[in-house]
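The block underneath contains the structure these notes are about, expressed in structure tokens.
Right under this line is the structure:
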């Protein structure tokens with residue numbers, strides 16, 4: 126398997142991953158095959174399989190709330 130950092134889009138890795146260091150850690154555990162078998166299911170956010178998963182995208186930011 127081959128993974129890249131486009132799970133949330135082209136620029137999100139450089140702009141937002143530091144705010145979610147815990148999620149990056151969980152993603153890395155999943156990539157290397159050491160995910161928790163007894164804890165809650167984790168869905169990778171930052172890393173994607175380049176052969177089976179599309180390039181991700183971020184949701185639109187709605188500053189005005191509606």
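Numbering (the working numbering), first residue to last: 126 to 191. Beta carbons are placed, not taken as given, at the ideal position from N, Cα and C, and that holds for glycine.
- Taking C-beta atoms as the reference points, residue 148 and residue 170 count as a pair closer than 7 Å.
- According to the DSSP assignment, residue 141 belongs to the alpha helix (DSSP H) that extends over 137 to 141.
- Assigned with DSSP and collapsed to three states, residue 187 falls in coil, not helix or strand.
- Following the DSSP letters along the chain, one finds residue 153 inside the alpha helix (DSSP H) bounded by residues 146 to 157.
- Taking residue 136 as reference, the option from 160, 183 and 153 with the minimal CA-CA separation is 183.
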